[in-house]
Amino acid sequence: MRLRARSIAILLLSTLSITACSSGGDDDAATTAGAASCAPSSGPVTLTYTTWIPNIEKVVDVWNKANPDIQVKVQTGPNGNGGTYANFFNQLKAGNAPDLGHIEYDALPSFRVQDGLTDLGSCDIVASAQSKFIDWTWNQVSFGEQGHVYGIPQDAGPMALFYRKDLFEKNNIPVPTTWEEYAAAAAKVKAAGGYITNFSQSDINQFAGLAWQAGAHWFGNDGTNWTVSMTDDATKKVADYWQGLIDKKLVSSVPPWTPEWDNAYNSSSAWTWVSAVWGANSIASGAPKTSGKWAVAPMPQWSAGEKVAGNWGGSSTAVFKTSKHPYEAAKFALWLNTSTEALTLLNKEANLYPATKEGASLPALKEGVEFYGGQPIYDVFAEASTQVKADFTWGPTMTQTYADASDGFKKAVTGQSTLTQALTDAQAKTVSTLKSQSIPVKE
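Take the sequence shown: its letters are residues -22 to -1, 1 to 421, numbered as in mature numbering (1 follows the signal peptide of the UniProt record, and there is no 0).
Structure, rendered in structure tokens:
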């Protein structure tokens, strides 16, 4: 599923006043903090689920036909930062949020700090399902808190290197396996009249994936205070690397997700893209003239022989604090994100890449892809998904953080600033934002 640039609209994360009542089977009870009880409700249940997944109704219809006593009504809307997240916060404040919601991993902490999520950790069906998911995806929904779960992993965005196989072969340029080799290839590509890639001015979550691979830790929480470290050594290494390519004019910098961006790939001006698994469809739709000329390889590594990948994207199915039926909601969310039937449909209808270990073995993900010369490209992403570090944490105000960093990145690509300065400024502004929302932060 093609990801568009995130809206820079700031989510107004006002503190929510959500009254927690005892949970159980009664319709007039909401879930308790921490889901102290996760018992089945008595009698038939109707759940509401809000998402922006394309054709999700087809998937939910399968569930509804097989589960007459747990029916799910789908509500669709714009993507998270396009309005759905703001709606969720307003609904939580008003006490009329849906039972389940589609929340990306990088937005989940925003709902956690506002006490808007049901902790499903005490649900036996949830705890027993942990082993089905790729380890790092579980950490994204548990925040590393043992025995606590704030959503069910849905999809993932492991990263790899999309490259023009024909152009690399024609110009006798080896496919880079390290970032040092990638920089050397960039110079050769420039000499051949192209750019190694387009550096995005606004996809800060892509840059986060690059930093994630390098071992960055942008945020942390000790149980009381948040810490912000967007200029740690790993991030600075990544920033300095890309700054070097920018300064040498070895990368282009057209705005992403625009006709100009598509044309850069469709016209053979841009030769690679370090992107997530969903990028396969983005290139295919944006650069149709290049069909059959692309291939996929693992991400370049910082040290030869390493096998580490980054992640860009991914989301969860969360149960909101106001749901009266946490058990049934969890049961549906688990089916949606673990059953072969649902995963197959989600991949077919919405191009979602599963967060489960077995999901990588779906028949559709084992086939060769014509656009990529018949290469079974998803084998590369299946391997990459197992190589993502599990200890990367998102902050509770990522929409604002992305916007602040993007402002600086735009200056960096035009020579008015640097990527490191952009990240330094974004860190300072993030700390200020946390303080303004009374979120404890350690400087």
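From the three backbone atoms N, C-alpha and C, an ideal C-beta is built for every residue, glycine too.
**Item:** Whether I34 touches V52 by CB criterion (8 Å)
**Value:** yes
**Request:** Out of E421, P136, I417 and N149, state which residue places its alpha-carbon closest to the alpha-carbon of I112.
**Result:** P136
**Prompt:** CA-CA distance, S106 and K309?
**Reply:** Looking at the two C-alpha atoms, the distance is approximately 12 Å.
**Outcome for D4 when other beta-carbon atoms lying within 10 angstroms are tallied against a minimum of 16** = Bear in mind that the predicted position of D4 carries a pLDDT of just 37, short of 50, making it unreliable; the figure below should be weighed with that in mind. Per the 10 Å Cβ criterion, exposed.
**Item:** Beta-ladder partner(s) of V419, from DSSP
**Value:** Residue pairing from DSSP places V419 in a beta bridge opposite W204.
**Item:** Residue of V127, K389, V252 and A72 minimising C-alpha distance to I103
**Value:** Ranking the options by Cα distance to I103, first place goes to V127.
**Prompt:** For the candidate residues L314, Y331, P276 and A170, whose alpha-carbon lies nearest to that of V37?
**Reply:** L314
**Asked** Apart from the five residues just before and just after R90, which ones in its own chain have a Cβ nearer than 8 Å to its Cβ?
**Response** Here R90 has F121, Y128 and P374 as same chain residues with Cβ atoms under 8 Å from its own Cβ, once five neighbours each way along the sequence are excluded.
**Message:** Counting beta carbon pairs with one atom in the region 136 to 147 and one in the region 267 to 287, are three or more of them shorter than 8 Å?
**Reply:** yes
**Request:** Within the same chain, show all residues whose beta-carbon is closer than 8 Å to that of T371, passing over the 5 residues directly before and after it, in chain order.
**Result:** By the criterion of a C-beta distance shorter than 8 Å, T371 is surrounded in its chain by P87, F121, G122, H195, W196, F197, G198 and N199, once the five residues flanking it on both sides are discounted.
**Item:** T9 - DSSP class collapsed to helix/strand/coil
**Value:** With a pLDDT of 36 at T9, under the threshold of 50, the modelled position of this residue cannot be trusted, and the question is left open.
**Asked** With 16 other CB atoms within 10 Å as the buried threshold, where does G346 fall?
**Response** exposed
**Request:** Identify whether E361 lies in helix, strand or coil by the three-state DSSP scheme.
**Result:** In the structure shown, E361 sits in a helix (DSSP, three-state: H, G or I).
**Prompt:** When you compare each of L78, W41 and A72 to L25 by their alpha carbons, which one comes out closest?
**Reply:** L78
**Request:** Can you tell me which of the three DSSP states G337 falls into?
**Result:** In this structure, DSSP gives G337 a helical state, which the three-state scheme calls helix.
**Message:** Taking the straight line between their C-alpha atoms, what separation do you get for D211 and W116?
**Reply:** 26 Å
**Message:** For A138, list the residues DSSP reports as bridge partners.
**Reply:** S253
**Request:** Mark G171 as exposed unless 16 or more other C-beta atoms lie within 10 angstroms of its C-beta, in which case mark it buried.
**Result:** When all chains shown are included, G171 counts as exposed.
**Asked** Would G125 pass as a contact of G94 if the rule is Cβ separation under 8 Å?
**Response** Going by C-beta atoms, G125 is not nearer than 8 Å to G94.
**Request:** Could you tell me whether the Cβ atoms of residue 423 and S247 are closer together than 8 Å?
**Result:** The requested residue 423 does not occur in the structure, where the chain is confined to residues -22 to 421.
**Request:** Examine the Cβ distances between the region 179 to 188 and the region 217 to 236 and report whether three or more of them are shorter than 8 Å.
**Result:** yes
**Prompt:** So K309 is in the alpha helix (DSSP H); what residue range does that whole segment cover?
**Reply:** P304 to T316
**Asked** Who are the Cβ neighbours of G12 in its own chain at under 6 Å, not counting the five residues just before and after it?
**Response** Only weak support is given to the placement of G12: the predicted model assigns it a pLDDT of 41, under 50, and the value that follows is read from those uncertain coordinates. Counting only Cβ-Cβ distances below 6 Å, and skipping sequence neighbours, we find D97.
**Coarse secondary structure for S230, derived from DSSP in three states** = strand
**Request:** Indicate whether T156 and P278 have their beta-carbon atoms separated by less than 8 Å.
**Result:** yes
**Segment contact flag, the region 63 to 79 with the region 284 to 301, C-beta cutoff 8 Å, min 3 pairs** = yes
**Prompt:** Roughly how many angstroms separate the alpha carbons of W41 and Q49, rounded to a whole number?
**Reply:** Each residue's Cα considered, the two are about 8 Å apart.
**Message:** Comparing C-alpha positions only, which one of E147, L223 and T205 sits nearest to Y160?
**Reply:** L223
**K237 classed as buried or exposed, judged by whether at least 16 other C-beta atoms fall within 10 angstroms** = Residue identity check: residue 237 is Pro in the sequence provided, not Lys. Burial call: exposed.
**Asked** Ordered along the chain, which non-local residues of its own chain (more than five positions away) have a Cβ less than 8 Å from that of I(-13)?
**Response** Residue placement at I(-13) is flagged as unreliable, the pLDDT there being 32, under the threshold of 50; the coordinate-derived value follows with that caveat. These residues qualify, in order along the chain: T377, Q378 and A381.
**Asked** Under three-state DSSP, which class holds Q132?
**Response** Three-state DSSP puts Q132 in a strand.
**Message:** Between which two residues does the alpha helix (DSSP H) holding S109 run?
**Reply:** Neither: S109 is in no alpha helix (DSSP H) and is coded neither H nor E.
**Asked** DSSP three-state call for A287: helix, strand or coil?
**Response** strand
**Asked** Cβ atoms of P46 and E327: under 8 Å apart, would you say?
**Response** no
**Message:** Measuring only the C-alpha atoms, how far is I(-15) from D385?
**Reply:** Because I(-15) carries a pLDDT of 29, less than 50, the predicted location of this residue cannot be relied on, and the following value inherits that uncertainty. Roughly 10 Å separates the two Cα atoms.
**Asked** From K267 to N244, what distance separates their C-alpha atoms?
**Response** 6 Å
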